[in-house]
Amino acid sequence: MTLIVNLSRREFLAGATLTGVALTLGCHVESNGVRAAADSTAPVLAPNAFVTIRPDGRVLITVNKTEMGQGVRTSLPMLVAEELDADWKQVAVETASFDPSRYGFQGTGGSGSLRGAWEPLRRTGATARAMLVEAAARRWNVPADACRTEAGFVLHPSDATKKLGYGELVADAANLPVPDPKAVKLKDPKDFKLIGRRVPRYDNPDIVTGKAVYGMDVRLPGMRFATMVHPPVFGGKVRQVEDTEAKRVPGVEQVFVTDRGVAVVATNTWAAFEGAKKLRITWDDGPHAKLSSADIRAMFIEKSTSPGDVARQDGDFDKAFASAAKQLEAVYEVPYLHHATLEPQNCTARVSAEGCEIWAPTQFPNFVMDEARRITGLDAGRIKIHVTLLGGGFGRRIEADYAADAVEVARRLNGVPVQVTWTREEDMQHGWYRPASLHVVKAGLAGDGQPVAVLHRLVAPSIRGQRQPDGGKGVDPGAMAGITTTAYELPNFRAEYVRANTAVPIGFWRAVFDSQNAFVQESWMDELAHAAKADPVEFRLARLGKAPRLKRVLEVAAKAAGWGQPLPKGRARGVASHFSFGAFCAQVAEVSVEDDLPRVHRIVCAMDVGTVVNPSQVEAQIEGSIAFALSAALYGAITVEQGRVVQSNFNDYPLLRMAEMPRVEVHLIPSSESPSGAGEPALPPVAPAVCSALFALTGKRIRKLPIELDT
Numbered sequence: 007m008t009l010i011v012n013l014s015r016r017e018f019l020a021g022a023t024l025t026g027v028a029l030t031l032g033c034h035v036e037s038n039g040v041r042a043a044a045d046s047t048a049p050v051l052a053p054n055a056f057v058t059i060r061p062d063g064r065v066l067i068t069v070n071k072t073e074m075g076q077g078v079r080t081s082l083p084m085l086v087a088e089e090l091d092a093d094w095k096q097v098a099v100e101t102a103s104f105d106p107s108r109y110g111f112q113g114t115g116g117s118g119s120l121r122g123a124w125e126p127l128r129r130t131g132a133t134a135r136a137m138l139v140e141a142a143a144r145r146w147n148v149p150a151d152a153c154r155t156e157a158g159f160v161l162h163p164s165d166a167t168k169k170l171g172y173g174e175l176v177a178d179a180a181n182l183p184v185p186d187p188k189a190v191k192l193k194d195p196k197d198f199k200l201i202g203r204r205v206p207r208y209d210n211p212d213i214v215t216g217k218a219v220y221g222m223d224v225r226l227p228g229m230r231f232a233t234m235v236h237p238p239v240f241g242g243k244v245r246q247v248e249d250t251e252a253k254r255v256p257g258v259e260q261v262f263v264t265d266r267g268v269a270v271v272a273t274n275t276w277a278a279f280e281g282a283k284k285l286r287i288t289w290d291d292g293p294h295a296k297l298s299s300a301d302i303r304a305m306f307i308e309k310s311t312s313p314g315d316v317a318r319q320d321g322d323f324d325k326a327f328a329s330a331a332k333q334l335e336a337v338y339e340v341p342y343l344h345h346a347t348l349e350p351q352n353c354t355a356r357v358s359a360e361g362c363e364i365w366a367p368t369q370f371p372n373f374v375m376d377e378a379r380r381i382t383g384l385d386a387g388r389i390k391i392h393v394t395l396l397g398g399g400f401g402r403r404i405e406a407d408y409a410a411d412a413v414e415v416a417r418r419l420n421g422v423p424v425q426v427t428w429t430r431e432e433d434m435q436h437g438w439y440r441p442a443s444l445h446v447v448k449a450g451l452a453g454d455g456q457p458v459a460v461l462h463r464l465v466a467p468s469i470r471g472q473r474q475p476d477g478g479k480g481v482d483p484g485a486m487a488g489i490t491t492t493a494y495e496l497p498n499f500r501a502e503y504v505r506a507n508t509a510v511p512i513g514f515w516r517a518v519f520d521s522q523n524a525f526v527q528e529s530w531m532d533e534l535a536h537a538a539k540a541d542p543v544e545f546r547l548a549r550l551g552k553a554p555r556l557k558r559v560l561e562v563a564a565k566a567a568g569w570g571q572p573l574p575k576g577r578a579r580g581v582a583s584h585f586s587f588g589a590f591c592a593q594v595a596e597v598s599v600e601d602d603l604p605r606v607h608r609i610v611c612a613m614d615v616g617t618v619v620n621p622s623q624v625e626a627q628i629e630g631s632i633a634f635a636l637s638a639a640l641y642g643a644i645t646v647e648q649g650r651v652v653q654s655n656f657n658d659y660p661l662l663r664m665a666e667m668p669r670v671e672v673h674l675i676p677s678s679e680s681p682s683g684a685g686e687p688a689l690p691p692v693a694p695a696v697c698s699a700l701f702a703l704t705g706k707r708i709r710k711l712p713i714e715l716d717t
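Residues in the sequence shown are numbered from 7 upward in steps of one, following our numbering.
Pasting the structure below:
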C-alpha cells in the first residue's frame with residue numbers, strides 16, 4: 007500500500023520522521039518504505055528513520071546524536087549520503103527528538119558517534135539506494151545490478167541519455183519491500199565521492215548568521231525565565247529563605263524552594279539573576295562543611311603508601327625492582343577540573359496535567375527523561391524531549407541536573423513554559439568535575455639505565471563507584487584508561503588502582519582519565535629516557551614493536567617537527583604519544599619561557615584515526631582538543647575550601663586566550679581502517695609534551711598540574 011503525503015519545506019524539516027527507524031540500530035521495520043501524514047497528496051520514500059526522500063529529490067537525513075561543535079550533523083549525514091549517492095546540495099539535516107524505539111541509543115560521548123555509525127548509517131543509505139535502483143530497473147525492464155547511481159540519479163546501464171532522478175522514483179520505490187540492510191552492497195572505498203572530502207559544516211550558515219538554536223535561544227509563547235541558587239556546600243540543603251528584597255526587583259514574579267535549591271522566576275533572565283543576588287538564604291551545610299583540597303590530598307597521599315588492586319601485571323615487578331641496579335620513584339598529581347562550557351547550564355520545560363515537553367542542550371537525553379519521569383510521575387509516552395545545539399559539552403551535559411531544575415520549576419508553574427539558566431558562578435561551583443588523582447610511579451633500572459621493572463599506582467575517585475556505591479569495589483577499568491592499555495613493551499610492569507572517593511561530584515570530562523593518566527605515563531617515559539641517556543623519541547620507538555600504528559604517528563610527528571634539529575636559543579621540544587578512543591596520536595611541543603611563564607609556540611600533531619570522513623572536521627577537533635588541553639595544563643584547577651568550590655568565574659578559572667594559542671600542524675595518517683574517535687584523542691599528549699619540553703629547557707620536572715615554574 008502506498009500512503010500519500012504533501013509536505014511544505016517547514017513541515018518536511020519539522021516532522022518528516024514521525025515513523026520508521028534505522029534498521030541496523032534496533033528500530034522497528036515498516037512493511038514498506040512510506041512515511042506519511044494523514045492529509046498528504048504526494049509520496050515520500052522513508053525505508054527507515056534516518057532518511058526520507060521527497061518527490062522533488064530533496065533528502066532529509068535525521069541525526070540521532072547531539073551536535074556540540076564536533077560536527078556530527080555533517081559527518082553522520084555524509085555516511086548516509088555517500089551510500090545513497092545523494093546530491094549533497096539536496097540534503098537537509100535534522101536532529102532527532104528523543105525516541106530510542108526509533109533511533110536507538112541517542113547518547114553522545116566517548117568520541118563514539120562516528121565509530122558506532124560507520125557501518126549502520128552507510129547501510130541506511132545503501133538500503134534506500136537499492137530501492138530506488140530496483141524501481142528504475144523495473145521501469146526500464148533491465149537488471150538492477152546493471153544500473154548505477156550518481157548525484158541523485160539512477161543511470162540506465164546501456165543508454166547514457168536515460169536517467170531518472172530519485173524524486174521521480176519515490177512513488178514506485180515506496181511500494182517495494184525494504185531489503186535487509188545487512189544484505190545490501192556497500193561501496194568500495196575507492197568509489198567514495200563524499201567520504202574523505204572537506205565538506206563544509208552543515209550548520210555553518212546558521213551559526214554565523216545567528217539562526218542556530220542553542221538551548222538558551224529557545225523561545226515559547228508566554229515563557230518565563232528563571233535561575234537557581236544551589237547549596238554552596240556539597241550535600242547541603244536550604245534551611246530558610248528571606249526573599250523580600252528579591253521580590254522587589256522589577257520583573258521577579260516568584261521565589262520558591264525546590265528539592266535542589268531556591269528558584270527565582272521572572273519575566274526575563276537578567277531580572278531572575280538580580281533577584282537571586284538579593285536572596286538571604288540560611289543553609290544547612292551538612293556533613294561536608296569542612297572538606298578541603300588539603301584534606302583530599304592528604305587522604306590521597308595516605309592511601310598511596312599501600313598497594314592497590316592489581317589492574318595489570320606483566321612479569322614479576324617486586325622481584326625485578328628489588329634486584330635492580332638503581333631505583334627511581336616519583337609522585338605526580340593532577341587537580342579536579344571544570345568543563346567551563348561557554349554556554350552555561352540551561353534548559354526549557356513545560357509541564358501540565360497533559361504531559362511534559364523539554365528543550366534541552368543535552369548529550370544524553372535518556373538521563374533527561376529519567377529525571378522528568380522522576381519529578382513529574384508521568385510515563386515516558388507523555389514526555390517529549392527536543393535536543394538543541396550545545397554551546398560546549400565536553401562531558402558536562404551527560405548529566406541532567408540542569409534539566410531537573412527546569413522540570414521542577416515548570417511543574418510549579420503548571421503549564422507555563424520556563425527557561426532555567428544558571429549564572430556562571432552557579433555553573434562553575436556546581437559541576438561534575440574531572441576527578442583529581444595522585445600517581446606513584448616506580449622503576450628499577452639495569453646498570454645501563456634501561457628499565458627492568460615499572461610500576462604505576464593510581465589513587466583516584468571512581469566515577470562509576472560514586473554513582474553505584476554498592477558495586478564500587480576493586481579496579482575501575484575506566485579510571486585505568488591509558489595505563490592498563492599502554493602500548494609500550496615494559497618489562498615486569500604492574501598497574502595498580504587505589505579507590506579514593508570523596509564528596510566532590512565527579513563526572514566525564516573530555517578524554518576523562520586518559521587526560522591525566524597520559525600526562526603521568528608520558529612524563530615518566532621521558533624521565534626513564536633521561537635516566538637511560540636515550541633520545542626520548544628513540545626510547546619510545548624501541549618499545550612500540552607491537553604497536554605499529556602508534557609507532558608510525560610518533561615517527562611522522564617527530565620528522566615533521568624537525569626533531570633533533572637546532573632551535574632558536576631559548577626554545578626546546580618535548581614529545582608524547584598516546585592511544586585512546588581507538589585513535590593513535592603523537593605530538594611534539596615547542597616551548598620557551600617568557601617572564602617566568604611557559605609559552606607554547608608550536609604543536610605538531612600526527613594522528614591515525616582510521617578512515618577520515620571529513621578532514622576539515624578532524625583537524626578542527628584536534629585544534630580544539632589542543633586548546634582545551636592547554637587551558638587545563640597552564641591554568642586549570644578546581645579547589646575546595648569549607649566544602650565549597652573556590653573558583654567562581656573565568657577570572658579565577660581562566661581559559662587559553664587567542665594570543666596564547668600556538669601554531670598547530672596536523673598530519674593525518676592515511677588509513678583504510680574504520681574511523682576511530684577524533685574529539686578526544688588529541689588532548690592527552692599535550693600536557694606531557696609541553697612539560698617534557700620545559701624540562702629540556704629548564705631542567706625542572708613538572709610533576710603537578712597546572713604548570714608552575716617558580717615552585
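Ideal placement from N, C-alpha and C gives every residue a C-beta, glycine not left out.
From residue 222 to residue 322, what does the alpha carbon distance come to, in whole angstroms?
-> 56 Å
Check whether the Cβ of residue 414 sits closer than 7 Å to any heavy atom of the ligand MG, and report yes or no.
-> For the ligand MG, the structure offers nothing, since it holds no ligand at all.
Pick from 485, 514, 536 and 660: whose alpha carbon is nearest that of residue 454?
-> 536
Write down the C-beta distance between residue 121 and residue 588 rounded to the nearest angstrom, noting that I regard them as a contact closer than 8 Å.
-> Yes, they are in contact, since the Cβ atoms of residue 121 and residue 588 sit about 6 Å apart, within 8 Å.
Span of the beta strand (DSSP E) around residue 262 = 258 to 263
Report the rounded CA-to-CA distance for residue 409 versus residue 205, giving the unit in angstroms.
-> 34 Å
Three or more C-beta pairs below 8 Å linking the stretch 58 to 77 and the stretch 98 to 117 | yes
Mapping DSSP to helix, strand and coil, what is residue 573?
-> Assignment of residue 573 by DSSP, reduced to helix, strand and coil, places it in the coil class.
List the endpoints of the continuous beta strand (DSSP E) containing residue 338.
-> 332 to 340
Could you give the DSSP three-state label for residue 381: helix, strand or coil?
-> helix
Helix, strand or coil for residue 153, going by three-state DSSP, please let me know.
-> Coil.
Could you check the C-alpha separation between residue 581 and residue 361 for me, to the nearest Å?
-> 55 Å
On the three-state DSSP scale, how would you describe residue 648?
-> coil
Determine the burial state of residue 523: buried for a count of at least 16 other Cβ atoms within 10 Å of its Cβ, exposed for fewer.
-> Of the other Cβ atoms in all chains shown, 16 or more fall within 10 Å of the Cβ of residue 523; this residue is therefore buried.
Among 647, 400, 59 and 389, the one whose alpha carbon lies nearest that of residue 518 = 400
Could you say which of 178, 103, 153 and 266 lies nearest to residue 61 if we only look at CA atoms?
-> Closest option to residue 61, judged by alpha-carbon separation, among 178, 103, 153 and 266: 178.
Hey, quick one: how far does the alpha helix (DSSP H) through residue 536 stretch, first residue to last?
-> 520 to 537
Could you name each continuous beta strand (DSSP E) segment of 3 residues or more that falls completely within the stretch 216 to 286, going from the start of the chain to the end?
-> 230 to 235, 243 to 248, 258 to 263 and 268 to 272
Residue 352 - DSSP class collapsed to helix/strand/coil | strand
For residue 701, write down the residues that DSSP places opposite it in a beta bridge.
-> DSSP lists no partner for residue 701.
Can you give the beta carbon distance from residue 258 to residue 269, rounded, assuming they're within the 8 Å contact cut?
-> With a Cβ gap of about 11 Å, residue 258 and residue 269 do not count as contacting.
Just curious, the beta strand (DSSP E) that residue 427 is in, first and last residue?
-> 424 to 427
Close Cβ partners of residue 448 (< 6 Å) along its chain, the five nearest in sequence each way excluded | 335 and 461
Coarse secondary structure for residue 31, derived from DSSP in three states | Note that residue 31 scores a pLDDT of 26, beneath 50, so its modelled location is shaky; the value from the coordinates is reported in the next line. Helix at residue 31.
Does DSSP classify residue 53 as helix, strand or coil?
-> It is a strand residue.
Which residue from 511, 564, 712 and 267 puts its Cα closest to that of residue 473?
-> 511
Inter-residue spacing [alpha-carbon to alpha-carbon] between residue 714 and residue 701 = Using only the alpha carbons, I get a separation of about 12 Å.
Where does residue 395 sit, in a helix, a strand or coil, going by DSSP?
-> strand
Are the stretch 47 to 58 and the stretch 67 to 83 in contact at 8 Å, needing three or more beta carbon pairs?
-> yes
Every unbroken beta strand (DSSP E) within the stretch 101 to 174, with a cutoff of 3 residues, ordered by chain = 154 to 156, 159 to 161 and 169 to 171
If you scan the stretch 435 to 506 from start to end, which runs of the beta strand (DSSP E) of 3 or more residues do you find wholly inside it?
-> 443 to 451, 457 to 466 and 499 to 505
Status (buried if at least 16 other CB within 10 Å, exposed otherwise) for residue 411 | buried
Which of helix, strand or coil does DSSP assign to residue 565?
-> Correct three-state label for residue 565: helix.
Residue 306, enclosing alpha helix (DSSP H) - first and last residue | 299 to 310
Test item: CB-CB of residue 488 and residue 520 under 8 Å | yes
Using beta-carbon positions only, say whether residue 237 and residue 244 come within less than 8 Å of one another.
-> yes
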